[in-house]
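Engineer: Those protein sequence lines, which keep their order, are chains A and B. Here our numbering is used: the first residue of the first sequence is 1, the next is one more, and so on. Here our numbering is used: the first residue of the second sequence is 1, the next is one more, and so on. The beta-carbon is built from N, C-alpha and C at its ideal position, and this holds for glycine as well. Keep in mind the model is a prediction, meaning the values are calculated, not measured.
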Amino acid sequence: MSIIDRDGENAVITPQTDILSSEAARFKDDLRELINSGVKHLTIDCRRVEMVDSLGVGLVIAAHNSLLKVGGALRLVNTSAEVYDLLVSMRLNTHIDIQSANHAEPGN
Amino acid sequence: MELMNDEIMQSFVEDSMEHLDAIESDLMDMEISSPEAPINEDLVNSIFRAAHSIKGGAGMLGLDDIKSLAHKLENALHMVRNRELAPLEQVVSTLLQGFDMLTKMIQSIGSDASFDVESMNSKLSTIMHDALPDEEKTSVDATTEASVDGRKLFVVDSLGLQLSLKGGKYLYILEYDLIHDIQRRDRTPLQVIKDLQDTGEIIDCRVDIASVGDLDSELTSAIPFYVLYATILDAQYTSTLCKLDENKVKPVTLEEVAEPAESPGGEVWEKSFGPFKLAGEEGDGLLRMPAAVDAKDHASLHEALLEALNHCERLKLDFTAMHQDSYLHVLEALCRAHVTFQRRGKTIQRLGDAPMAVKERMQRLGAPCQLCRNGEMECFLI
C-alpha cells in the first residue's frame, strides 16, 4: 500500500512499509501504473521504509530504467540512515538521486 | 526534467556546502608540527568523507572538474589517513587552497566563472608524489583497469588502489547475484556489505543496472553485483567468509593506463619490497630472498608476490642468500602464492636446490604441507 500524490508529469509515491520481496509485486504495479500514465519525474518518499532487500533494490533499479526510457528521472528522498548507507555503498547514487532523511529539502 | 535537474543541482550545492562549512578550521586543526606527531584520525576521516561525498555527487551530475579536484583531495587525505603523508604546514596549506577552490567552484555552478583546476591538481599531485617512495611515484596521475575473464569491470585511480593494497592484500572481483547469493540465502545486501567491510576493503562496486530490466519485465531472477575487493584473505577464506561460491571470487587482472608504471613491459625491471628484490623481463620474474626474514617482513613478501602475480607468467625464487631458519618463515606465503599462481595458469619454481638441513626439517614438519593442495609443496619447495 502506497500513498500517491500526483501533479501532471510529477508524482510522489510514499510506500507505507519496507520495500521487500513480500511487497514487491504490489509496489511494482503502483510504479508501473504511474509511469505508464505519463509520470516522468517520480519521487519515492522513503520516510516509512526501514529496510530494502535484494528484490527491493531490483525494483528501484527497474523503476529507474523505466523512467530513463521515457526521458524522466527517479529520486529517493527521506531515506533512513540504513537505507541510505546501503544504496550509497552499492554506488546507486551515481545513477539515482538519493537524499537521506537528514537532508534539508530545497525550499523547506 | 529541467525542474528536477535544477532541484538535484540545488541539493548537491546545499549538501556540499554543509560538508565544506567547517572544513577550513578542521584542516587547520589537522595540522601537526612534526612528521612523528600523532594525527587526529576522526578529523582526517571527517575531511576525507567530505571530499568523497562531493566527488560522488559531482560524478552523478557530470561536474567533471569538481569531481576531479575532489578526487585528488580525497587521495591526498587517504594518504594522510594511512600515515603516508604527514599533515605538516605545507601540506595543509595546499589542502586549504584545494578546498577553497572546490568551495568557490561549487558556489559558482551555473555561472561563467572559470578555475585553473589543472594547476591545483598538479599542486596536490606534487605533495603526494614527494611523499611516496620512488617505485610508487608514477601512480599519482594514472588509472588502473580491473578486469576479470577479459571483461573490464572497474577503472580506479592507481594511487587509491595502491594505497588499498598496502600490507600485501589480495585483490578480487566478487561476483554476487543479489537474488541467488543474497536473497535466497536469507541475507540482505546491507549484511553482505557490512561483512565485506569487516574483513577487507570495498574499493569499488557496481550493480549491472542494464541487466535488471524495467518495470515491464518480470520481477528479475538475477541482479549481478560486482565488488572490487581488497583483503588479506586468500580466495578460499574469502569465499567462506563472504558466503560466496569460490568460483565467484575471481582474481583480478590489472592494467594501468595513462602514464603506466615502469615495471611491466618488455624491458628489464627491478623493484624492492622491503628486503625482497623482484626483477623481471617479458613475463619472467625472479624474486630474491634476503638472508634473514622476520614477522615484520611478511607484508613486503605479500606485496612482492602480488606484483609478480600481476606482471609475471613464470616466477623463480632465489633462496641463495637466505639462512635456513628464515626459509620456514616464508613457507606459508609461498605455498599460498603457488596455489594462486597455478589457478591463473602461471608457475612458481624454486631456483637451485634447497639446503639438505632445510629439506629434512620441512619434511619433518609435515603440518605446513597441508597448506598446499595435493602435496604440491614437495615438488615446489623441496
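1) Listed in chain order, which residues of the stretch 49 to 64 of chain A have Cβ atoms closer than 8 Å to some Cβ of chain B?
2) Count the CB pairs spanning the stretch 79 to 95 of chain A and the stretch 16 to 27 of chain B that are closer than 8 Å, and state whether there are at least three.
3) When you compare each of S108/B, I173/B and S122/B to L153/B by their alpha carbons, which one comes out closest?
4) What is the C-beta distance between L315/B and G285/B, in whole angstroms, given that I count them as a contact (C-beta under 8 Å)?
5) Run through chain A and tell me which residues come within less than 9 Å of I47/B, C-beta to C-beta.
6) Just by C-beta distance, which residues in the stretch 100 to 116 of chain B are closer than 9 Å to chain A?
7) Does the beta carbon of C312/B come closer than 8 Å to any beta carbon on chain A?
8) Expressed to the nearest angstrom, what Euclidean distance is found between the alpha-carbon atoms of Y84/A and P133/B?
9) Under 8 Å between C-beta atoms, does I13/A make it to chain B?
10) Beta-carbon separation of G72/A and L42/A under 8 Å?
11) Per DSSP, N10/A is paired with what?
12) DSSP on I203/B, reduced to helix/strand/coil?
13) For chain A, check one thing: does any of its Cβ atoms lie closer than 8 Å to the Cβ of D284/B?
14) Using a Cβ-Cβ cut-off of less than 8 Å, list which residues of the stretch 83 to 98 of chain A approach chain B; keep chain order.
15) Taking the straight line between their C-alpha atoms, what separation do you get for H180/B and S221/B?
16) If you follow the beta strand (DSSP E) that D318/B is part of, which residue opens it and which one closes it?
17) For chain A, find out if any of its Cβ atoms is closer than 8 Å to the Cβ of I54/B; answer yes or no.
18) Assuming G58/A is part of the alpha helix (DSSP H), what are its boundary residues?
19) Find the nearest neighbour of A292/B within the set L228/B, T320/B and E41/B, judged by alpha-carbon distance.
20) If you reduce the DSSP assignment to three classes, tell me which class A113/B lands in.
21) So which residues of chain B does S66/A contact, with C-beta pairs closer than 8 Å?
Structural biologist: This is what the structure gives:
1) Going along the stretch 49 to 64 of chain A in chain order, one finds M51, V52, D53, S54, L55, V57, G58, L59, I61, A62, A63 and H64 with a Cβ nearer than 8 Å to chain B.
2) Contact between the stretch 79 to 95 of chain A and the stretch 16 to 27 of chain B is absent, with fewer than three C-beta pairs closer than 8 Å.
3) When only C-alpha atoms are compared, the closest one is I173/B.
4) Right, their Cβ atoms sit about 4 Å apart.
5) Per Cβ cutoff of 9 Å: no residues; I47/B is ~18 Å from chain A at best.
6) Against chain A - using a Cβ distance shorter than 9 Å - the stretch 100 to 116 of chain B contributes no residues.
7) Contact of C312/B with chain A is not assigned, every C-beta pair being separated by 8 Å or more.
8) A direct Cα-to-Cα measurement between Y84/A and P133/B gives close to 38 Å.
9) No, I13/A lies away from the interface with chain B (no Cβ there is under 8 Å from its Cβ).
10) Yes, the pair counts as a contact, with Cβ atoms nearer than the cut-off.
11) Bridge partners of N10/A: D7/A and H41/A.
12) It is a strand residue.
13) At a cut-off of 8 Å between C-beta atoms, D284/B does not count as an interface residue with respect to chain A.
14) Residues of the stretch 83 to 98 of chain A whose Cβ lies closer than 8 Å to any Cβ of chain B, in chain order: D85, L86, V88, S89, M90, R91, L92, N93, T94, H95 and D97.
15) Their backbone Cα atoms lie some 8 Å apart in a straight line.
16) It spans R314 to D318 - the beta strand (DSSP E) in which D318/B sits, taken as one unbroken run.
17) Among the CB atoms of chain A, none fall inside 8 Å of the CB of I54/B.
18) For G58/A, the enclosing alpha helix (DSSP H) stretches over residues S54 to K69.
19) Closest by alpha carbon: T320/B.
20) Judged by DSSP in its simplified three-state form, A113/B adopts coil rather than helix or strand.
21) Within chain B, the residues near S66/A are D214, L215 and D216.
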